[in-house]
Structures are given as C-alpha cells and as structure tokens.
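Quick notes on the structure that follows.
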Amino acid sequence: MSSQSFTPPTSYIEERFLYFWIKHNIPYTLVRQYQIGPYYTDFAHLESRVIIEIDGAAYHSTPEQIQRDQYRQQRLEDWGWTVIRFTGSQVYRDPVRSIYRARRTIERNVYNLGTL
Numbered sequence: 001m002s003s004q005s006f007t008p009p010t011s012y013i014e015e016r017f018l019y020f021w022i023k024h025n026i027p028y029t030l031v032r033q034y035q036i037g038p039y040y041t042d043f044a045h046l047e048s049r050v051i052i053e054i055d056g057a058a059y060h061s062t063p064e065q066i067q068r069d070q071y072r073q074q075r076l077e078d079w080g081w082t083v084i085r086f087t088g089s090q091v092y093r094d095p096v097r098s099i100y101r102a103r104r105t106i107e108r109n110v111y112n113l114g115t116l
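Take the sequence shown: its position 35, counting from 1, is numbered 35 in full-length UniProt numbering, and each next residue is one higher.
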C-alpha cells in the first residue's frame, strides 16, 4: 500500500478542530477522510471544493514529508480544490481562529462558484 493511499486514523487535533466547528455552529458540513484520487483529506467541504488539512509534527515535519505534502497539495489544486493548511499547534493554541479562517475560505469559494 502506498503512503499516498493510506488513510490514517483521525487524530486528537482533528477531533479538536471538529469539536470547535460544531460548538460554534458553523453551518457547513465537513466530510472527514474524503478521498480525492489517491489521497484522503482530513476534511473536505464538497460544495465549495475546500480541503482542510491539519498537519501534525509526527507526519509533516521532515523535508521529505514537507515535499510530499507540497506535491499532494499541488495536485489537489490542479484538480480545482482550494487547500487550507493548519499546523497542529495552530489548532491546539487557537482553534477558533482556525475554524473561522476555514469558514471564510468556504464562504468565499461558495460565492465565487455560485453554489449552495
């Protein structure tokens, strides 16, 4: 199995992001571990074509991992998706700022795409 198609279990930091998303009544449904081609996203909002990735240090900090993430993001963007990245520490320290940044990106894309 290639590392690109492996679906990691959800992490504490993803749970934290989703907890605050729900707590703040963000009206957009996020799909967890959504598959796009060979990749699984942490979260995706399908109507706006926004992907939310939360990068923990364990899997996203070495030069090789960073290069892999950049390649993956470029492919997803080539396929018409907007990718938002947060570090795990950003979501841990300031989850509200993270969720509202994601919400603004979704709203901008919804407006630009004319969906919903």
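Every residue, glycine too, gets a C-beta built ideally from N, C-alpha and C.
Please read all numbers here as calculations on a predicted model, not as lab measurements.
> The beta strand (DSSP E) with residue 120 in it runs from where to where?
Replying inline: Residue 120 lies beyond the range of the chain shown here (1 to 116); nothing can be said about it.
>> On the DSSP letters alone, give me the boundaries of the beta strand (DSSP E) that threonine 87 sits inside.
In response: 82 to 87
>> Taking the alpha carbon of valine 91 as the reference point, which residue from Pro63, Ile54, Ile66 has its own alpha carbon closest?
In response: Ile54
>> Mapping the DSSP letters down to three states, classify glutamine 33 as helix, strand or coil.
In response: coil
> Taking the Cβ atom as the reference point for each residue, do aspartate 42 and isoleucine 52 lie within a distance shorter than 9 Å?
Replying inline: yes
> Between the C-alpha atoms of phenylalanine 20 and aspartate 94, what's the straight-line distance to the nearest angstrom?
Replying inline: 10 Å
> What are the boundary residues of the beta strand (DSSP E) that includes histidine 45?
Replying inline: 43 to 45
> Among Ser11, Ser48, Pro38, which has the Cα closest to the Cα of asparagine 109?
Replying inline: Ser48
>> Taking the alpha helix (DSSP H) that threonine 105 belongs to, which residues open and close that run?
In response: 95 to 113
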